[in-house]
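A.B. asks:
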Amino acid sequence: MGFFKKKPEPEVAVQTAISCKKTHPFRELESYNPLSNFQFHLYSTLRESIPIIDAALSKLVRLIGTFEIECDDEAISLKINRFLKNLKVNSCSTGIDSFIFTHLNQMLTYGTSIGEIILNSKLDDIFALYNVPLNNVILEQNNKFLNLDIYKKTREKPRKIKHPELIVVSVLNPDPDSVYGNSIIKGLPFVSGILLKIFSSIGSNWERIGNARFAITYKPPSDSSEQTYTKERMELIASEWSKAMKNEIPTDFITVGDVSIKVIGSDNQILDSKIPVRQILEQIVSKLSIPPFLLGLSWSTTESMSVQQLEILNSELESYRRLLNPVINKICNTWMQLNGIDSDFNIKWSCINLQDELREANTRLLKAKAEEIEIKNRKAKEEQL
Numbered sequence: 160m161g162f163f164k165k166k167p168e169p170e171v172a173v174q175t176a177i178s179c180k181k182t183h184p185f186r187e188l189e190s191y192n193p194l195s196n197f198q199f200h201l202y203s204t205l206r207e208s209i210p211i212i213d214a215a216l217s218k219l220v221r222l223i224g225t226f227e228i229e230c231d232d233e234a235i236s237l238k239i240n241r242f243l244k245n246l247k248v249n250s251c252s253t254g255i256d257s258f259i260f261t262h263l264n265q266m267l268t269y270g271t272s273i274g275e276i277i278l279n280s281k282l283d284d285i286f287a288l289y290n291v292p293l294n295n296v297i298l299e300q301n302n303k304f305l306n307l308d309i310y311k312k313t314r315e316k317p318r319k320i321k322h323p324e325l326i327v328v329s330v331l332n333p334d335p336d337s338v339y340g341n342s343i344i345k346g347l348p349f350v351s352g353i354l355l356k357i358f359s360s361i362g363s364n365w366e367r368i369g370n371a372r373f374a375i376t377y378k379p380p381s382d383s384s385e386q387t388y389t390k391e392r393m394e395l396i397a398s399e400w401s402k403a404m405k406n407e408i409p410t411d412f413i414t415v416g417d418v419s420i421k422v423i424g425s426d427n428q429i430l431d432s433k434i435p436v437r438q439i440l441e442q443i444v445s446k447l448s449i450p451p452f453l454l455g456l457s458w459s460t461t462e463s464m465s466v467q468q469l470e471i472l473n474s475e476l477e478s479y480r481r482l483l484n485p486v487i488n489k490i491c492n493t494w495m496q497l498n499g500i501d502s503d504f505n506i507k508w509s510c511i512n513l514q515d516e517l518r519e520a521n522t523r524l525l526k527a528k529a530e531e532i533e534i535k536n537r538k539a540k541e542e543q544l
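Everything in the sequence shown is counted per the working numbering, starting at 160 for the first residue and increasing by one.
#1: Please state the DSSP three-state secondary structure of Lys526.
#2: Cutting at 7 Å between CB atoms, please list the residues of its own chain near Tyr479, excluding the five before and the five after it.
#3: Using the DSSP secondary-structure output, state which residues sit across from Asn290 in a beta bridge.
#4: Check this for me: beta carbons of Val248 and Ile273, under 8 Å apart or not?
#5: Applying the criterion that 16 or more other CB atoms from any shown protein chain within 10 Å of the CB defines a buried residue, is Pro409 buried or exposed?
#6: Output the distance between the C-alpha atoms of Met393 and Arg367, rounded to the nearest integer angstrom.
#7: Taking only runs that begin and end inside the segment 194-269, name each unbroken beta strand (DSSP E) of 3 or more residues, in chain order.
#8: Hey, Leu246 and Ala215: beta-carbon distance below 8 Å or not?
#9: Since I believe Ile285 is in contact with Leu440 (beta carbons under 8 Å), could you give me their beta-carbon distance rounded to a whole number of angstroms?
#10: In terms of residue numbering, what span does the alpha helix (DSSP H) encompassing Ala403 cover?
#11: Leaving out five residues on either side along the sequence, give the residues of the same chain with a beta carbon under 7 Å from the beta carbon of Trp508.
#12: So what does Ala374 bridge to, in DSSP terms?
#13: Identify which residue in Ile420, Gly455 and Asp308 has its Cα closest to the Cα of Leu324.
#14: Compute the minimum distance between the beta carbon of Ser502 and the heavy atoms of the ligand MN, and state whether it is under 7 Å.
#15: Which partner residues of Arg318 appear in the DSSP bridge assignment?
#16: Tell me the residue span of the beta strand (DSSP E) that contains Leu298.
#17: Over what stretch of residues does the alpha helix (DSSP H) that includes Val436 continue unbroken?
#18: Can you give the Cα-Cα distance for Ile277 and Val327, rounded to whole angstroms?
#19: Pro450 and Leu469 - do their beta-carbons sit closer together than 8 Å?
#20: Since Trp508 sits in a beta bridge, which residues does DSSP pair it with?
#21: Per DSSP, what kind of secondary structure is Val330 in: helix, strand or coil?
#22: Please work out which residues of its chain come closer than 7 Å, Cβ to Cβ, to Trp400, disregarding the five sequence neighbours upstream and downstream, and give them in chain order.
#23: Between the Cα of Thr414 and the Cα atoms of Ala403, Ile396 and Lys402, which residue gives the shortest distance?
#24: With a threshold of 16 other CB atoms inside 10 Å of the CB of Ile490, please say whether the residue is buried or exposed.
#25: Mark Cys251 as exposed unless 16 or more other C-beta atoms lie within 10 angstroms of its C-beta, in which case mark it buried.
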C-alpha cells in the first residue's frame with residue numbers, strides 16, 4: 160500500500176555560482192583622501208591609469224621649450240652655454256634641458272620638485288645635476304627665520320642636509336603656510352575613478368559576450384511521481400552541461416523535458432557611455448589647461464576659439480617658465496661663483512611655436528611700413544615748405 164514508495168523530496172531552489180568582484184586594477188584611486196597633501200604614489204598611479212592625463216602633462220613639458228643664457232660678454236655666453244649643454248644629469252642624461260624637463264614634470268605631477276647641484280671632488284666646479292625623488296626628502300618650514308629646512312630620510316631618523324645652498328626647490332600653487340605645492344592633477348582622482356569604473360564595466364560586458372554565462376531552467380512535469388526525481392535530474396543536467404562546456408570540441412547538448420537555456424544578461428540594455436565619458440573628460444581637460452584638439456579629442460570648435468585656447472596655453476607655459484627661472488638662475492650663479500666670473504645674464508627662452516614667430520614678424524613688417532609712410536609724408540611736407 161505504498162510503504163516502499165519513495166517520498167517526494169522538496170524542490171531545490173536555483174543554485175548560484177560564486178563570482179568574484181571585478182574592479183579596475185588601479186585600486187589606489189579608491190583610497191583618495193582630498194585632505195592629504197602627501198599622495199605621491201596616487202598621482203603616479205593616476206598618470207598610469209588615465210593615458211590622456213599622462214599625454215597632457217608630457218605635452219606641457221615638451222612645449223615649455225629650450226633656453227639660452229645671454230651675457231654682456233659673448234665669450235662668457237659661449238662658455239656657459241657650452242657648459243650647460245654638456246653638463247651631466249642624473250645617471251644617463253646630458254644637458255640642463257633634460258634636468259629642467261624632469262624638474263617640471265615632477266612639479267606638475269606632485270606639486271613639488273627638488274633638484275641637487277653636485278660638485279666635483281675638488282669643490283671648484285659643478286659635476287652634475289640630480290633630480291631628487293620626493294620620497295627621500297622631508298621639507299619643513301623654519302617659522303623663526305622663514306627658511307626652508309631640508310631633511311634626508313634615513314633608517315634611524317631624518318638627517319638635516321649640510322649644504323642647503325646646493326638644493327633647488329620649486330612648488331606649484333602652494334597653500335598658505337605650506338612648503339609643499341599642489342599638483343596640477345589634484346582633484347582628478349575622484350572623476351578619474353568614475354571613468355575607470357565605466358571602462359571596467361565596458362570591458363566586463365565585452366568579456367561576457369566572448370565568455371557567455373548560461374541559465375538553465377528545468378520544469379518538472381506536474382505528475383507527483385516525476386517530481387520525486389527532480390533533484391537527480393537537475394544534477395544530471397548540470398553535470399552534462401558542465402562536460403559540454405569544458406569540451407574543446409563543439410558539442411551539442413541534448414535533453415528531454417521542459418528545459419530552457421538562456422544567456423545571462425542578454426536582455427539587459429547596455430548604457431550609453433558617450434555622454435558621461437565626455438563630461439568626465441571635459442573636467443580633466445579643463446583642469447590641465449590644454450586645448451582638446453592637442454590631445455586628439457575631436458570636439459566641435461571654431462577657429463577663433465582655437466586661437467583663444469592657444470593663447471591660454473601660452474600664458475600657462477609662460478607661468479611655468481617663471482617658476483623655472485629661479486632654478487636656472489641658481490645653477491648659473493653657482494657656476495659663475497665657482498669659476499670666479501662676475502657678469503649679469505639673462506635667460507632667453509625659445510618661442511613656444513611658429514605661430515608666435517610669424518605673428519611677431521608680421522607685426523615688425525607692419526611697423527616698418529608705417530614708419531616708411533611717416534617718413535615719406537614728413538619729406539613731402541618739408542618739400543612743400
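Cβ coordinates follow ideal geometry from the N, Cα and C atoms, glycine included.
C.D. replies: To lay it out plainly:
#1: helix
#2: Ile223 and Leu263
#3: Gly274
#4: no
#5: exposed
#6: 25 Å
#7: 226-230
#8: no
#9: About 44 Å separates the two Cβ atoms, so there is no contact after all.
#10: Thr389 to Lys405
#11: Gly224, Phe226 and Arg480
#12: Lys421
#13: Rather than Leu, the amino acid found at residue 324 in this sequence is Glu. When each option's Cα is compared against that of Glu324, the closest is Asp308.
#14: Here there are no bound small molecules, and the ligand MN is not part of this structure.
#15: Lys311
#16: Val296 to Asn301
#17: Lys433 to Leu447
#18: 11 Å
#19: yes
#20: Phe226
#21: strand
#22: Ile375 and Phe412
#23: Ile396
#24: buried
#25: exposed
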